[in-house]
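**Student:**
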Amino acid sequence: MKMDVWLMEIAKGIGRFFFNPLFYCFFIIILFTSLKRIKKERKMFGSKIFDVFDEVRYTWKSSLLFSLITTILTVGLGVSFTYTIVGALSVITLLSLIINRFTWLSAAYTFGFSYLLLLLTPYYMDYLPFQIERTIENNQWVMFTTLMGLFLLYESYMMLKIQQNETFPERIKGTRGKYIGQHRLKKATLIPLVTLLPIGELTPLTEWWPMIPIGNQQFGLIFFPVVIGFEQVIRGMLPKKALHGLAQSLLILSFIVMGTAIAGYYLPIFTLISVVIALIGREWLSIRFRMKDRQKGPFFTPEENGLRILSVIPTTPADEIGLQVGEKITKVNGRSVHSEQEFYEALQLNSAHCKLDVLDERGEIRFVQRALYQGEHYELGIIFCTQPSSDLAEAR
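Numbered per my numbering, the sequence shown spans residues 16 to 411.
Here it is as structure tokens:
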């Protein structure tokens, strides 16, 4: 195979990637989601906490690495998907984005519902205003469902990489009328998936490549944007600790799905079974997570012996000195604090320097201190789970 032919097909594949409306819809929806979140942050806390597009921050390096791994797998094996498969996945993903619930961006739902949509093609195809490919080879089903398991594995990896200060805080009224805090984890990323299409100038490299031969037809490359996302609300414990357990369960589910999908190579019905396992398993994990979280009492509540940190604004003094979500500040400049007003007043005792007594996750006291400079956040960039006093609200 001449190198110039491969380079030409790679260029065409990249062009197909940027011509896919899903690529632009992804960024439009993320922008809309970010602006909506920022508006909510200003309403709840009086200031913006995280920047625009923070829903996709820290995901690009891992998504590109995962794209490289899947590219080696799909192109190396000669995996060929038809426009029908790509189109179904695009439609389901687009609908999930428009709904704007990142929960539905899990591969279990986007790949699973795409599979079912294609499986039911004979029942609605005659009513469509256009023709679509009826025949999908079993090997294509096997690779499609195997990829579903791989993307579930990546979803669990994304959860494990979330840091303590990266989840979005919210302040709501509890059942007793007091304000409590909760965290919303809402992340998404876009992964270029490279596969073969039965159109182009690439000819078979060996007798088995591509894995799904279609007569003497030549092949091209397509870079398809796969969107992966998830959304969870955490109220009863520290966000990172809660997500770690969910990620481990999701990791186990991904291996079960992949194993069942590969078994479909020998018995086709297993590809359908893998989809059922993915859909039911992913939904059950979400339901179980919510039930366990609600069984616990709210973690972020007003307390008498200190101020619980609900969130830390990035690049502020609190972030620089290493304060973490869930820690409790008991003293400021030697004075005990029980409210935001007392915290603010204690900071004013020394306008050039502050010293904090902090109770960490292990129940141990540590001391942090820092010089203060003019123009910095008046509360160091700390968000508490207590209701802001009227004086502070007016100051904002």
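We put the CB at the ideal spot given by N, CA and C, even for glycine.
Work out the CA separation of T160 and S405 for me, nearest whole Å.
**Tutor:** Residue 405 sits at position 390 when you count from the first residue of the sequence shown. Residue 160 sits at position 145 when you count from the first residue of the sequence shown. Any reading at S405 needs caution, since the residue's pLDDT is 44, under 50, leaving its predicted position unreliable; the model's value is listed next. Rounded to the nearest angstrom, the two C-alpha atoms are 55 Å apart.
**Student:** For L374, which residues from the same chain have a beta carbon less than 7 Å from its beta carbon, with the 5 sequence-adjacent residues on both sides left out?
**Tutor:** Indexing the sequence shown from 1 puts residue 374 at position 359. Excluding positions up to five away in sequence, the list reads G321, E342, K343, T345, I380.
**Student:** Does the distance from the CB of I292 to the CB of T275 come in under 9 Å?
**Tutor:** Residue numbering aside, residue 292 sits at position 277 when the sequence shown is read from its first letter. Residue numbering aside, residue 275 sits at position 260 when the sequence shown is read from its first letter. Yes, the Cβ-Cβ distance between I292 and T275 is below 9 Å.
**Student:** Quick check on the burial criterion: 16 or more other C-beta atoms within 10 angstroms. Buried or exposed for T330?
**Tutor:** Numbered from 1 along the sequence shown, position 315 holds the residue referred to as residue 330. Under this definition T330 is an exposed residue.
**Student:** Apply the 10 Å Cβ neighbour rule to K51 and answer buried if 16 or more other Cβ atoms are within range, or exposed otherwise.
**Tutor:** Counting from 1 along the sequence shown, the entry for residue 51 is found at position 36. Under this definition K51 is an exposed residue.
**Student:** Between which two residues does the alpha helix (DSSP H) carrying S354 extend?
**Tutor:** Taking the sequence shown and counting its residues from 1, one reaches residue 354 at position 339. First-last for S354: undefined, no H or E at that position.
**Student:** Name the residue from V383, K307, I151 whose alpha carbon lies nearest to the alpha carbon of V347.
**Tutor:** Here residue 347 refers to the residue found at position 332 of the sequence shown. Considering only alpha carbons, the answer is V383.
**Student:** Check this for me: beta carbons of M8 and R186, under 9 Å apart or not?
**Tutor:** Residue 8 cannot be examined here, being either before or after the span of the chain that is shown, 16 to 411.
**Student:** Work out the CA separation of T210 and F234 for me, nearest whole Å.
**Tutor:** Locating residue 234 in the sequence shown gives position 219, counting from the first residue. Locating residue 210 in the sequence shown gives position 195, counting from the first residue. Taking the straight line from one Cα to the other gives about 10 Å.
**Student:** Report buried or exposed for A408, applying the criterion of at least 16 other Cβ atoms within 10 angstroms of its Cβ.
**Tutor:** Along the sequence shown, one-based indexing puts residue 408 at 393. Note that A408 has pLDDT 43, beneath the 50 cutoff, so the model's placement of it is unreliable and the number below is only indicative. That one is exposed.
**Student:** Check whether chain C comes within 9 Å of E170, counting only Cβ atoms and requiring the distance to be less than that.
**Tutor:** The chain labelled as chain C is not found in the depicted structure, where only one protein chain is given.
**Student:** Quick check for students: name the residue ranges of the beta strand (DSSP E) that lie wholly in the region 140-214, counting only runs of 3 or more.
**Tutor:** Listed in chain order, the complete beta strand (DSSP E) runs (minimum 3 residues) inside the region 140-214 are 183-188.
**Student:** Let me check one thing: in DSSP terms, what residues is H368 bridge-paired to?
**Tutor:** Counting from one through the sequence shown, the residue named residue 368 turns up at place 353. Answer is A386.
**Student:** So, for V241: in the same chain, excluding its five sequence neighbours on each side, which residues have a beta-carbon less than 6 Å away from its beta-carbon?
**Tutor:** Position 226 of the sequence shown, counted from the first residue, corresponds to residue 241. For V241, where only same-chain residues beyond five positions count, the Cβ hits under 6 Å are I206, L208.
**Student:** Compute the Euclidean distance between the alpha carbons of Q363 and T401, then round it to the nearest angstrom.
**Tutor:** The residue labelled residue 363 in the question sits at position 348 within the sequence shown. The residue labelled residue 401 in the question sits at position 386 within the sequence shown. The alpha-carbon atoms of Q363 and T401 are separated by roughly 20 Å.
**Student:** When the Cβ atoms of the region 35-52 are set against those of the region 67-75, are three or more pairs found closer than 8 Å?
**Tutor:** Short answer: they touch.
**Student:** If you count every other CB in all the chains shown that lies within 10 Å of the CB of Y281, and 16 or more means buried, which is it?
**Tutor:** In the sequence shown, counting from the first residue as 1, residue 281 sits at position 266. Y281 is exposed by the Cβ-count criterion.
**Student:** Out of T125, S77, L92, point me to the one whose CA is closest to Y172's CA.
**Tutor:** Looking up residue 172 in the sequence shown gives position 157. Nearest of T125, S77, L92 to Y172, Cα basis: S77.
**Student:** Out of curiosity, what's the CA-to-CA distance linking K63 and E394?
**Tutor:** In the sequence shown, the residue the question calls residue 63 occupies position 48. In the sequence shown, the residue the question calls residue 394 occupies position 379. Their Cα atoms are separated by approximately 14 Å.
**Student:** For G459, which option in P313, W156, I267, G164 has the closest C-alpha, if you only look at C-alpha atoms?
**Tutor:** With the chain covering only 16 through 411, there is no way to say anything about residue 459.
**Student:** May I have the straight-line CA-CA distance separating A26 from S105, to the nearest angstrom?
**Tutor:** As a position in the sequence shown, residue 26 is number 11, starting the count at 1. As a position in the sequence shown, residue 105 is number 90, starting the count at 1. In a straight line, the C-alpha of A26 is about 21 Å away from that of S105.
**Student:** Count the other CB atoms within 10 Å of the CB of K54; is the residue buried (16 or more) or exposed (fewer)?
**Tutor:** As a first step, residue 54 is located in the sequence shown; it is residue number 39 there, counting from the start. By the 10 Å Cβ count, K54 comes out exposed.
**Student:** Checking the sheet assignment: what are the DSSP bridge partners for Q247?
**Tutor:** Taking the first residue of the sequence shown as 1, we reach residue 247 at position 232. In the DSSP output, where bridge partners are listed per residue, Q247 has L200.
**Student:** Would you mind sorting E318 into buried or exposed? The rule is 16 or more other CB atoms within 10 Å of its CB.
**Tutor:** Stepping through the sequence shown from its first residue, residue 318 is reached at position 303. Classification for E318: exposed.
**Student:** Check each candidate in P213, I177, K193 and name the one with the smallest Cα separation from R199.
**Tutor:** Here residue 199 corresponds to residue number 184 of the sequence shown, with the count starting at 1. The option with the nearest alpha carbon to R199 is I177.
**Student:** On the premise that F126 lies in contact with F166, defined as a C-beta separation below 8 Å, what is that separation, rounded to the nearest angstrom?
**Tutor:** What you label residue 166 is simply residue 151 of the sequence shown in a count that begins at 1. What you label residue 126 is simply residue 111 of the sequence shown in a count that begins at 1. Right, the Cβ-Cβ distance comes to about 7 Å (below 8 Å), so this counts as a contact.
**Student:** Near A367, what residues of its chain come up, given a Cβ to Cβ distance below 8 Å and the 5 sequence neighbours on each side ignored?
**Tutor:** Looking up residue 367 in the sequence shown gives position 352. Contacts found: A386, L387.
**Student:** Quick check on G337: buried or exposed, where buried means 16 or more other Cβ atoms within 10 Å of its Cβ?
**Tutor:** Locating residue 337 in the sequence shown gives position 322, where the first residue counts as 1. Looking at its Cβ environment, which holds fewer than 16 other Cβ atoms inside 10 Å, G337 is exposed.
**Student:** Roughly how many angstroms separate the alpha carbons of R57 and Y194, rounded to a whole number?
**Tutor:** As a position in the sequence shown, residue 57 is number 42, starting the count at 1. As a position in the sequence shown, residue 194 is number 179, starting the count at 1. Approximately 16 Å, taken between the alpha carbons.
**Student:** Tell me the rounded alpha-carbon separation between R323 and Q197.
**Tutor:** In the sequence shown, residue 323 corresponds to position 308, counting from 1. In the sequence shown, residue 197 corresponds to position 182, counting from 1. Cα-Cα distance, rounded: 12 Å.
**Student:** Assign G321 to one of three DSSP states: helix, strand, or coil.
**Tutor:** Numbered from 1 along the sequence shown, position 306 holds the residue referred to as residue 321. Correct three-state label for G321: strand.
**Student:** Just verifying my parser: in three-state terms, what is the DSSP assignment at T345?
**Tutor:** For this step, residue 345 is matched to residue 330 along the sequence shown. T345: strand per DSSP, three-state reduction.
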